[in-house]
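These notes concern the structure reproduced below.
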Amino acid sequence: MTTTRIAETAPTAPPAPHLGAGDRLRLWWSALPRPYQWGIGVPFIALLAALPILRPPILTTQGTDFGGVLAQFGMYALLAIGLNVVVGQAGLLDLGYVGFYAIGAYTVGLLTSPDSPWNQTDTWLSRHWAWVFALPIAIAVTAVSGLILGTPTLRLRGDYLAIVTLGFGEIVRLLADNLQNITGGGRGLSGIAFPLVGQTPTRTKGVFSAGNTHLPLNFGTWWYWVSLALIIVVLLFVGNLERSRVGRAWVAIREDEDAAEIMGVPTFKFKLWAFLIGASIGGLSGVLYAGQVQFVSPPTFNVINSMLFLCAVIVGGQGNKLGVILGAFIIVYLPNFFLGRSDLFGIPIDGNAIADYKYLFFGLALMTLMIFRPQGLFPARQKLLSYGREVYVVARRAALAAAGRLPAADEDGAR
Amino acid sequence: MSIGPNDPQAGAEHTDQHLGAEEYLTQDSVEEEFLPDGGVAQVAVDLADVDPVLADPEAVAQLVAPDRRIRTEVGAALLRMEAVTMRFGGLVALDGVSFEIRRGEILGLIGPNGAGKTTCFNAMTGVYRPTSGQVVFDGRPLGAIKRNQITRLGIARTFQNIRLFSDMTALENVVVGTDARHRTSVPGALFRSRRHRTEEQDALERGMALLEFVGIGRRATQKARNLPYGDQRRLEIARALATEPKLLCLDEPAAGFNPTEKAELQDLIRKIRDDGYTVLLIEHDMRLVMGVTDRVVVLEFGRKIADGVPAEVSSDPAVIAAYLGVPDDATA
Chain A
326 MTTTRIAETA PTAPPAPHLG AGDRLRLWWS ALPRPYQWGI GVPFIALLAA
376 LPILRPPILT TQGTDFGGVL AQFGMYALLA IGLNVVVGQA GLLDLGYVGF
426 YAIGAYTVGL LTSPDSPWNQ TDTWLSRHWA WVFALPIAIA VTAVSGLILG
476 TPTLRLRGDY LAIVTLGFGE IVRLLADNLQ NITGGGRGLS GIAFPLVGQT
526 PTRTKGVFSA GNTHLPLNFG TWWYWVSLAL IIVVLLFVGN LERSRVGRAW
576 VAIREDEDAA EIMGVPTFKF KLWAFLIGAS IGGLSGVLYA GQVQFVSPPT
626 FNVINSMLFL CAVIVGGQGN KLGVILGAFI IVYLPNFFLG RSDLFGIPID
676 GNAIADYKYL FFGLALMTLM IFRPQGLFPA RQKLLSYGRE VYVVARRAAL
726 AAAGRLPAAD EDGAR
Chain B
64 MSIGPNDPQA GAEHTDQHLG AEEYLTQDSV EEEFLPDGGV AQVAVDLADV
114 DPVLADPEAV AQLVAPDRRI RTEVGAALLR MEAVTMRFGG LVALDGVSFE
164 IRRGEILGLI GPNGAGKTTC FNAMTGVYRP TSGQVVFDGR PLGAIKRNQI
214 TRLGIARTFQ NIRLFSDMTA LENVVVGTDA RHRTSVPGAL FRSRRHRTEE
264 QDALERGMAL LEFVGIGRRA TQKARNLPYG DQRRLEIARA LATEPKLLCL
314 DEPAAGFNPT EKAELQDLIR KIRDDGYTVL LIEHDMRLVM GVTDRVVVLE
364 FGRKIADGVP AEVSSDPAVI AAYLGVPDDA TA
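If you read the sequences in order, they're chains A and B. Under our numbering, read the first sequence as residues 326 to 740, first letter to last. Under our numbering, read the second sequence as residues 64 to 395, first letter to last.
Dropping the structure here:
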């Protein structure tokens with residue numbers, strides 16, 4: 326007999342628990358059968374992709390191009406997903422994440438910009454597809470840089486690790502600023518390659534060129550679509566990792582590193598993997614940036630940006646890979662929403678000033694969040710088992726039966 | 064096989080007239096962490112529903128105690144402490160302690176507070192490296208072996224102050240233990256390799272079987288931090304067993320237990336031994352130690368003062384003196 330029997334506790338009913346809107350949504354979603362989830366998920370993603378075409382009047386930004394804002398959101402979302410692997414899942418505080426973003430962007434820049442001494446567009450990288458070919462190279466380079474940073478530093482914990490990674494972020498930026506012969510120093514690298522596709526008389530350099538400003542399918546929209554596709558791929562991979570030995574090892578390390586080690590988790594190895602994967606995703610985002618802006622220079626990779634990425638992760642909810650995407654949206658969208666706006670619901674405001682003070686507002690928001698909701702807006706409920714669904718389904722069925730809601734259960738027992 | 068709720072009696076127990084809509088909602092998705100414990104959906108999970116393999120009690124037993132390759136013969140020394148000394152600065156926590164744990168026995172390690180029991184434990188599980196002397200496990204000295212490798216060699220432990228992964232569910236906690244025997248790494252998990260899938264299936268089966276074995280199968284989907292204290296202790300044991308140890312070390316597993324729970328724990332420890340595990344038990348509760356162990360080692364001030372069967376040890380004058388003190392007239 327392998328049935329579990331219930332202890333007779335709970336003589337009186339507990340007070341009804343309070344459930345927030347997010348919890349209700351999550352409960353509703355996880356109770357849906359798989360086909361329904363697909364049926365809702367696919368149109369939802371299609372709607373997201375259609376945003377720059379629809380340009381809903383409430384959402385559309387005024388001061389900047391909406392497509393461009395969404396493209397930037399795509400990059401930040403990737404950064405947030407990558408940083409979430411390191412900070413949210415493995416619990417390693419990385420304050421120099423912008424360094425990986427920079428390495429990804431500069432690798433593409435160095436390989437494809439005419440300003441770079443290592444420009445390869447005329448040799449073995451084809452002119453049309455240089456960006457696409459540079460992408461895996463850049464990811465590999467950032468992954469190796471993650472390994473180089475991680476190997477000596479991951480023996481440190483907590484604050485010490487945070488400080489060392491902060492230093493790493495600065496080192497990368499200072500190198501970009503000072504290796505004038507290679508990176509162009511403060512002048513940066515311009516003319517970076519982008520995919521040459523969809524060339525027409527009106528779009529002479531293809532749809533991905535910064536010269537494509539034909540609304541609504543301007544270059545921002547196209548880059549947004551590329552990043553959306555990459556986000557989906559990355560989410561699938563990260564989800565696979567989460568529901569595996571790797572994801573469980575990360576969460577175990579986050580919860581109690583010593584206990585994890587004693588339970589047989591090779592903690593150093595998996596921390597290094599977390600760093601490497603986080604770095605690769607950050608590098609990927611950098612590659613997108615280089616392609617879209619077609620110009621890289623050191624100020625873009627200021628350490629303050631690291632804080633902004635971290636802000637996206639913390640606001641979204643550490644450990645929740647969908648939550649951090651929303652966090653990234655908030656971080657990118659809100660300043661752009663205010664930019665160029667002179668009134669909000671009839672109230673006159675100085676939108677540009679509000680956008681300028683974004684660091685102040687995000688700082689205040691972060692502090693408020695730490696006090697009232699330290700787990701973030703969308704706290705994590707990770708599912709860490711590949712086949713765990715069976716257990717949850719069985720447990721749910723049993724719970725329903727116990728509550729007398731399933732006809733299969735005993736009616737007389739229920740009432 | 065019967066599912067709890069199919070039994071009218073059980074169904075009546077589980078049903079509560081006062082359940083509000085909120086609770087139904089909660090029970091629906093088994094996200095029980097929203098509920099204060101005690102009122103949590105008290106659900107019987109049928110193992111056979113989770114996985115058909117688990118319908119067969121023999122299969123479950125095999126999952127709980129899989130065949131492990133142990134070089135040591137039954138009755139021979141599985142672990143030997145050889146003159147282990149641990150020094151922390153000027154403090155000598157262990158002073159040339161030697162004893163052995165024989166395969167198949169339950170060994171009790173007792174002593175007054177500060178006698179060095181936990182230090183001894185930590186030296187065995189690789190948390191500390193002995194200042195001198197060595198620990199030999201299953202014919203292999205545990206010199207510079209990493210802690211996670213020691214676990215994979217076959218020593219598992221629980222913690223005196225519970226150290227579960229509190230944000231994970233009970234099942235996930237146990238599965239972290241089973242992962243010690245798994246080899247999937249990032250590439251396998253990324254692309255869902257065949258090995259990854261079989262290992263995940265194995266993790267689920269062994270995880271559920273072990274939760275069932277220690278008696279908390281119904282808590283599988285609850286977060287560890289929301290479990291009642293006693294169940295947390297049981298979960299620690301299940302997690303340690305999940306690593307397929309040759310030697311299971313329990314560090315004060317009965318701390319904070321009432322007599323009933325202690326009796327249940329005693330049964331559980333015996334059951335574990337009968338399944339072919341060797342058990343080292345550190346415990347304060349004399350009745351539990353004397354009741355369950357085959358042999359007892361007594362430490363005092365980092366030295367071994369007695370080693371023998373419980374009856375012998377409990378009448379040993381040195382042990383009585385260590386625990387009760389020596390009357391003034393005896394020392395005079």
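Note that the Cβ used here is the ideal one computed from N, Cα and C, for glycine as well. Because the structure is a prediction, the values reported are computed rather than measured.
(1) Does DSSP put G371/B in a helix, a strand or coil?
(2) By the three-class DSSP mapping on this structure, what secondary structure does V532/A have?
(3) In its own chain, which residues sit with a C-beta less than 8 Å from the C-beta of V376/B, not counting the 5 before and 5 after it?
(4) What in chain A is Cβ-close to F34/B, meaning under 9 Å?
(5) Show which residues of chain B have a CB atom less than 7 Å away from the CB atom of P591/A.
(6) With a threshold of 8 Å between beta carbons, is E262/B in contact with chain A?
(7) Apply the 10 Å Cβ neighbour rule to A615/A and answer buried if 16 or more other Cβ atoms are within range, or exposed otherwise.
(8) Thinking C-beta only, is V249/B closer than 8 Å to L460/A?
(9) Would Q643/A and A705/A qualify as a contact pair, given that the criterion is a beta-carbon distance under 8 Å?
(10) Since E363/B sits in a beta bridge, which residues does DSSP pair it with?
(11) Nearest-angstrom Cα distance between F626/A and K309/B?
(12) Who pairs with G171/B in a beta bridge, going by DSSP?
(13) Looking only at its chain, what residues have a beta carbon closer than 7 Å to the beta carbon of V638/A, apart from the 5 residues adjacent to it on each side?
(14) Please confirm whether V147/B and V155/B have their CB atoms less than 8 Å apart.
(15) Under a CB-based cut-off of 8 Å, is T329/A close to chain B?
(16) Does DSSP put P358/A in a helix, a strand or coil?
(17) Going along chain A, which residues have a C-beta under 9 Å from G240/B?
(18) With distance defined between alpha-carbon atoms, name the residue in E268/B, Q285/B, R244/B nearest to Q707/A.
(19) Name, please, each residue of chain B whose Cβ falls closer than 8 Å to the Cβ of V558/A.
(20) In chain B, which residues lie with their C-beta within 7 Å of the C-beta of Y712/A?
(21) For a test of the three-state rule: what should DSSP assign to R192/B, helix, strand or coil?
(22) Tell me whether the beta-carbon of R269/B lies closer than 8 Å to the beta-carbon of A584/A.
(23) Are the C-beta atoms of V577/A and some chain B residue less than 8 Å apart?
(24) Which whole-angstrom value describes the C-beta separation of A604/A and G471/A, a residue pair presumed to lie in contact below a C-beta threshold of 8 Å?
(25) From the DSSP output, in three-state form, read off G102/B for me.
(26) Short of 7 Å in beta carbon distance, which residues of its chain neighbour A374/A, apart from the five on each side in sequence? Order them along the chain.
(27) What residue range does the alpha helix (DSSP H) around G159/B cover?
(28) Along the chain, which unbroken stretches of the alpha helix (DSSP H) at least 4 residues long are found entirely within the segment 563-630 of chain A?
(29) Can you find the residues in the same chain that come closer than 6 Å, C-beta to C-beta, to A455/A, ignoring five residues on each side of it along the sequence?
(30) Would you call the CB atoms of I428/A and G611/A closer than 8 Å?
(31) Using a beta-carbon distance below 8 Å, is A554/A in contact with chain B?
(32) In whole angstroms, give me the CA-to-CA distance for Q362/A and R351/A.
(33) Taking the C-alpha atoms as reference points, what is the distance between Q397/A and V342/B?
(34) Nearest to T356/B by CA position, among V372/B, A303/B, G196/B, N211/B, is which residue?
(35) Provide the residue span of the alpha helix (DSSP H) that contains E136/B, from first to last.
(36) Which first and last residues belong to the beta strand (DSSP E) in which R220/B is found?
On the basis of the supplied data:
(1) strand
(2) coil
(3) V359, V361, A369, D370, V382
(4) Nothing in the structure corresponds to residue 34/B, since chain B is present only between 64 and 395.
(5) N211
(6) yes
(7) buried
(8) no
(9) yes
(10) R366/B
(11) 52 Å
(12) L344/B, V359/B
(13) A405, L408, N409, V412, G413, V649, G652
(14) no
(15) Any reading at T329/A needs caution, since the residue's pLDDT is 43, under 50, leaving its predicted position unreliable; the model's value is listed next. T329/A counts as touching chain B.
(16) coil
(17) M588, G589
(18) Q285/B
(19) Those do not exist, as V558/A stays about 11 Å from chain B at its closest Cβ, beyond 8 Å.
(20) E263, Q264, L267
(21) coil
(22) no
(23) Checking the displayed sequence, the identity of residue 577/A turns out to be Ala instead of Val. Chain B contact via Cβ: present.
(24) 3 Å
(25) Low per-residue confidence applies at G102/B: pLDDT is 33, beneath 50, and the placement is therefore not dependable, though the value from the model is reported in the following sentence. In this structure, G102/B counts as coil in the three-state DSSP scheme.
(26) W550, L553
(27) Here G159/B belongs to no alpha helix (DSSP H); instead the beta strand (DSSP E) covers 154-165.
(28) 570-580, 582-587, 592-618
(29) T437, T446, A518
(30) yes
(31) no
(32) 12 Å
(33) 58 Å
(34) V372/B
(35) Premise fails: E136/B is in no alpha helix (DSSP H) and is neither H nor E.
(36) 218-220
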